[in-house]
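Working notes, beginning with the structure itself.
Numbering (my numbering), first residue to last: 8 to 345.
Below is the structure:
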């Protein structure tokens, strides 16, 4: 990990007193506090917009709520460190014995690819051992092979800064009388975490430790999902009401209009067919409705039977009579020769 990209912002005493005693901080609150801004400030939303990428990445990894101590380390890992005043106020018993600094996050090699490869190797070798000694716990927490003086690079000896951190951890560890000479790995890792030392997520998983942040994140996710489901249910109910109203409208006005339009089209079509029928009968067969015994209906009925679409003679007679009465002026028939 490289050096921090910006100097920590020193908080006001009023800001610290308002937040150091809270057991949980939200992600957005932690980010603003690290930047020296109160979450209640008017420009808080503008500050958050400047760090949208970081917030999105943290949310994807499940980091939404956590204790102040967890957020102190989170900010260190993301190059937005809290001012030393926060560390002194929140973790007065933590690793601040040398120049007020937390060494693990200021070593340039921290979280580099070589560092992570060494950590995976040590986890594979040590995570399943039934117990550790205090010396092994300190060395492993610093990513060193126990009882060696060479660093993770395999060549140069430990730097002076790393030696000072190891001495700091040993000094505090000796005061922990509840931890014996030998204890399970989980006990040591929990003890180191409780004292404010950084313990990587990889060691947490390897030792079977429950991540409180993950538990909190799952709770938050379930609450968010429940709220989202409630909103969706309300939207569905509102949609159902809208559909019912539309259905009522469809059952009234639209159907009446469609029916009238359909009837109008059918009436026009029938009238046209009647006009065509009477025109064909008069032109082709010299039809005259005044003749009571006209053979034209019989001729048309016979032709329809020949075409395979039979229609009885009386029906033809009625259709011709209706068409002549409705669509032909009576004076036309009077002008014809009887």
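Idealized CB from N, CA, C, for every residue including glycine.
Problem - Three-pair Cβ contact test at 8 Å for the region 74–81 versus the region 24–39 - result: Contact between the region 74–81 and the region 24–39 is present: 3 or more CB-CB pairs across the two stretches fall below 8 Å.
Practice task
Please confirm whether residue 277 and residue 331 have their CB atoms less than 8 Å apart.
Solution key: It is not a contact, given that the beta carbons lie outside the stated cut-off.
Problem - Alpha-carbon spacing of residue 280 relative to residue 334, whole angstroms - result: Just so you know, the alpha carbons of residue 280 and residue 334 end up roughly 11 Å apart.
Handout entry: Closest Cα partner of residue 39 within the set 63, 150 and 89
Key = When the alpha-carbon of residue 39 is set against those of 63, 150 and 89, the nearest one is in 89.
Practice task
Please list, in chain order, all residues of the same chain as residue 26 whose beta carbon is under 8 Å from its beta carbon, the five residues on each side excluded.
Solution key: Taken in chain order, the residues that qualify are 32, 36, 40 and 75.
Problem - Helix, strand or coil at residue 329 [DSSP, three-state] - result: Helix, per DSSP.
Handout entry: Whole-Å CB distance - residue 70 paired with residue 81, under 8 Å assumed
Key = Indeed they touch by this definition, with Cβ atoms about 7 Å apart.
Handout entry: Sequence-distant residues of its chain with Cβ nearer than 8 Å to residue 159 (five each side left out)
Key = Here the model assigns residue 159 a pLDDT of 47, short of 50, so the residue's position is not dependable, and the following value carries that caveat. Within the same chain, residue 159 has close Cβ partners 116, 121, 122, 125, 150 and 151.
Exercise for the section: Name the two residues that bound the continuous alpha helix (DSSP H) containing residue 196. Expected result: From DSSP, the alpha helix (DSSP H) with residue 196 extends over 192–201.
Handout entry: Nearest-angstrom Cα separation, counted from residue 196 out to residue 211
Key = For the pair residue 211 and residue 196, the Cα-to-Cα distance works out to about 8 Å.
Practice task
Tell me, please, which residues DSSP counts as bridged to residue 32.
Solution key: Partner(s): 73.
Problem - Of the listed residues 215, 255, 238 and 290, nearest to residue 194 (C-alpha basis) - result: 215 is the residue among 215, 255, 238 and 290 whose C-alpha sits nearest the C-alpha of residue 194.
Problem - Three-state secondary structure (DSSP) of residue 7 - result: For residue 7 there is no data in the structure shown, the boundaries of the chain being 8 and 345.
Problem - Distance between residue 84 and residue 209 (C-alpha atoms, nearest Å) - result: Each residue's alpha carbon lies about 15 Å from the other.
Problem - Proximal residues to residue 161 (C-beta, below 7 Å), its chain only, five neighbours per side dropped - result: Reliability fails at residue 161, whose pLDDT of 40 lies under 50, so the model's placement of it is uncertain and the value that follows must be treated cautiously. Cβ neighbours of residue 161 beyond the five flanking positions: none.
Practice task
Closer than 7 Å by C-beta to residue 16: which residues in its own chain qualify, once you throw out the five before and the five after it? Chain order, please.
Solution key: Correct list, in chain order: 42, 43 and 90.
Handout entry: Euclidean distance between Cα positions of residue 240 and residue 253
Key = Answer to the nearest angstrom: the Cα atoms are 20 Å apart.
Problem - Separation of residue 323 from residue 313, as counted between CA atoms - result: The straight-line gap from Cα to Cα measures roughly 15 Å.
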